[in-house]
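Asker: In order, the protein sequence lines correspond to chains A and B. Following this note's numbering, the numbering of the first sequence begins with 969 at its first residue and continues without gaps. Following this note's numbering, the numbering of the second sequence begins with 15 at its first residue and continues without gaps. Note that CB positions come from ideal geometry on N, CA and C, so glycine has one too. Here the structure is a predicted model, which is why all the values come from computation and not from measurement. There's a structure below that I have some questions on.
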Amino acid sequence: QVSELVQFLLVKDQKKIPIKRADMLKSVIREYRDTYSEIVNKAAKTLQEVFGLQMVEIDTKRHIYILINNLRRAESEHLCKDKEKAKMGLLMVILSFIFMKGNSVKDSAVWEFLHRLRVYPGKHHKVFGDVRKLVTEEFVRQKYLEITPIPLTDPPEFKYQWGPRAAKETSKKDVLNFVAKIQGKNPTFWTSQYSQAEATP
Amino acid sequence: ENREDMLNSKSNRLTEALEEANRLFDGVCRAREAALDAQFLVLASNIGKEKANELHSEMSAFDSAAFAEDLLTFMGINRTEIEDSDDSEDVPGGFLPSNAWQKMGEEALKYFRRAPTFHYMMGSFKSDPPVPKQRIERQKRANRGKAERAMPAQLKKMEESHQETTEKEVERILGILQTHFENDPDTPISFFDFVIDPNSFARTVENMFHVSFLIRDGLAKIKLDEDELPVIEPMRPSTRGEDDVRAATRNQVVLSLDQKEWK
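See the structure below:
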């Protein structure tokens, strides 16, 4: 039962869409509902010890989980498909922009920034295709980004923030280091962001 | 309106607007105006909050323009060549290589603890015995799948043939009728001559059944001749005026024929 659940989780994680407990119960555990928590714990342990992956509950009310890597990525490891790499690049750019701008940015600001990088919401992108869809749907579904409407705006505006997966898979410190590397500066250059980064584990 | 203007930390427009609203409120004596004033206050406080937010991030001034330029540099932008295409009007000179975003991604991945996506590998880590087993299983599943598919396909074929025979028969009969008529265009064919099969009553009934389809679809028509005997002739599409069609559909005829009569 445990190994079935482990396989199930690994396959479900391919698209990086969070896994609901209901799906786990339906597909794998079925008759064993009573021992559910024991099975899940054992599965999490297997994932941890065999694969080095951590099962994290990002929604304790609705019991939704994601898998993240417990190990830092080794320098020479590049086992990703090109498309995936490119998407992560775009994501990192957006996440760093959001963080450096105070953790919450208006949608217009995000797209204006991406404009500078030749990424346009209305135009088909050579690498990303429908960028607007990628950012506002895929990244949100994967819980990397959180997009919420700003009240009392007409026409409606939205604010972009980090999603729970982003918070777990990376950190403010990592992102600040990324920005620092790109700009060739010391992370302490941005004092407010630096102190935030140091404060968050 | 003027939202951006008010947001500008260097402007006092927000304060001015608030002061004006204060002054105006003195002249308010109706509830509606007070409601407007309240609405304005909400907007103003929202703007005030945004302004305060901007103030905070300006403390450690983050220059997004410079960041964008640095990102482009990292992605390997080629600034020496200037694009001549039409859509680069608002974009500064230089273009990104095709692997620009992959390069970005490679760097970004270093900062993520992303679980590698899991895919079944074709081969097995174990030694030979398990591998054939997998193949056999897969084959069995494949075979079963095919067998199942074969069964429904067969059944489907039978069903189709039932329907098809009727249609085919109808078409065949239409063909015969048309051929006869072509050979002898002025003589309508006696209905009974057409449908009766001297050797088989069942066949006769079947023929009548098929002819009724032709009539229903307006491909043939039956009328009574001088002797009050029914005759049948194909309808030519050119002669089928609207009146004809209407007339044809209005009449229903019931013919009864039993074995004795047939004989």
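1) Out of A66(B), D84(B) and D51(B), which has the shortest C-alpha to C-alpha gap to Q1151(A)?
2) Given that T180(B) touches chain A, what residues does it touch there, using C-beta distances under 9 Å?
3) How long is the line joining the alpha carbons of S252(B) and K182(B), rounded to whole angstroms?
4) What first and last residue would you give for the beta strand (DSSP E) that runs through F1126(A)?
5) State the CB to CB distance for the pair V909(A) and S1064(A), rounded to an integer number of angstroms; the pair is presumed to be in contact (CB under 8 Å).
6) Is the separation between the beta-carbon of N221(B) and that of D207(B) shorter than 8 Å?
7) How would you list, in chain order, the residues of chain A whose beta-carbon sits under 9 Å from the beta-carbon of G62(B)?
8) Interface residues of chain A around V225(B) at Cβ under 7 Å?
9) What do you get for K1111(A), buried or exposed, if any count of 16 or more other CB atoms within 10 angstroms of its CB means buried?
10) Tell me whether I39(B) is buried or exposed, calling it buried when 16 or more other Cβ atoms sit within 10 Å of its Cβ.
11) From which residue to which residue does the alpha helix (DSSP H) around L977(A) run?
12) Would S138(B) count as contacting chain A if we go by Cβ distances under 8 Å?
13) Tell me which residues share the same chain as K980(A) and place their Cβ nearer than 7 Å to its Cβ, disregarding the 5 neighbours each side in the sequence.
14) Could you name the residues of the same chain whose beta carbon sits closer than 8 Å to that of A35(B), not counting the 5 residues immediately before and after it, in chain order?
15) According to the Cβ coordinates, are K63(B) and G90(B) closer than 8 Å?
16) Identify, in the order they occur along the chain, each residue of the same chain with its Cβ nearer than 7 Å to the Cβ of V1170(A), setting aside the five sequence neighbours on each side.
17) So, for K1149(A): in the same chain, excluding its five sequence neighbours on each side, which residues have a beta-carbon less than 7 Å away from its beta-carbon?
18) Whole angstroms is fine: what's the gap from L1120(A)'s alpha carbon to D1075(A)'s?
19) When the cut-off is 8 Å and only beta carbons count, does N1037(A) lie next to chain B?
Answerer: Considering the structure as presented:
1) One-based indexing of the first sequence puts residue 1151(A) at position 183. Comparing Cα-Cα distances from Q1151(A) to each of A66(B), D84(B) and D51(B), the minimum goes to D84(B).
2) Here residue 180(B) is taken as the residue at index 166 of the second sequence, counted from 1. Correct list: empty, because the minimum Cβ distance to chain A is about 47 Å.
3) If you number the second sequence from 1, residue 252(B) lands on position 238. If you number the second sequence from 1, residue 182(B) lands on position 168. With a pLDDT of 48 at S252(B), under the threshold of 50, the predicted position of this residue should be treated as unreliable, and no value is reported.
4) Stepping through the first sequence from its first residue, residue 1126(A) is reached at position 158. Its beta strand (DSSP E) spans residues E1125 to W1130.
5) Residue 909(A) lies beyond the residue range present for chain A, which begins at 969 and ends at 1169; the question has no answer from this structure.
6) In the second sequence, residue 221(B) corresponds to position 207, counting from 1. In the second sequence, residue 207(B) corresponds to position 193, counting from 1. Remark: C-beta atoms of N221(B) and D207(B) do not approach each other more closely than 8 Å.
7) Indexing the second sequence from 1 puts residue 62(B) at position 48. Going along chain A, no residue has its Cβ under 9 Å from G62(B), so there is no contact; the nearest lies around 13 Å.
8) Here the question's residue 225(B) lines up with position 211 in the second sequence. Correct list: empty, because the minimum Cβ distance to chain A is about 58 Å.
9) The count along the first sequence starts at 1 and reaches residue 1111(A) at position 143. When all chains shown are included, K1111(A) counts as buried.
10) By one-based count along the second sequence, residue 39(B) stands at place 25. Sequence check: residue 39(B) is Phe here, not Ile. Looking at its Cβ environment, which holds fewer than 16 other Cβ atoms inside 10 Å, F39(B) is exposed.
11) In the first sequence, the residue the question calls residue 977(A) occupies position 9. L977(A) -> alpha helix (DSSP H) spans V970 to K980.
12) Residue 138(B) sits at position 124 when you count from the first residue of the second sequence. Model confidence at S138(B) stands at a pLDDT of 44, short of 50, so the residue's coordinates are unreliable; what they give is reported in the following sentence. Taking Cβ atoms only, chain A never reaches closer than 8 Å to S138(B), which makes this a no.
13) Sequence index remark: in the first sequence, residue 980(A) carries index 12 (1-based). Answer for K980(A): I987, listed in chain order.
14) Along the second sequence, read from residue 1 onward, the residue named residue 35(B) stands at position 21. Excluding residues within five positions, the ones whose Cβ falls inside 8 Å are D51, F54, L55 and A58.
15) As a working mapping, residue 63(B) is identified with position 49 in the second sequence. As a working mapping, residue 90(B) is identified with position 76 in the second sequence. It is not a contact, given that the beta carbons lie outside the stated cut-off.
16) Residue 1170(A) is absent from the model: chain A starts at 969 and stops at 1169.
17) Residue numbering aside, residue 1149(A) sits at position 181 when the first sequence is read from its first letter. Excluding residues within five positions, none has a Cβ falling inside 7 Å.
18) Sequence index remark: in the first sequence, residue 1120(A) carries index 152 (1-based). Sequence index remark: in the first sequence, residue 1075(A) carries index 107 (1-based). One C-alpha to the other measures close to 15 Å.
19) Translated into the one-based positions of the first sequence, residue 1037(A) becomes position 69. Taking a beta-carbon distance threshold of 8 Å, N1037(A) counts as an interface residue toward chain B.
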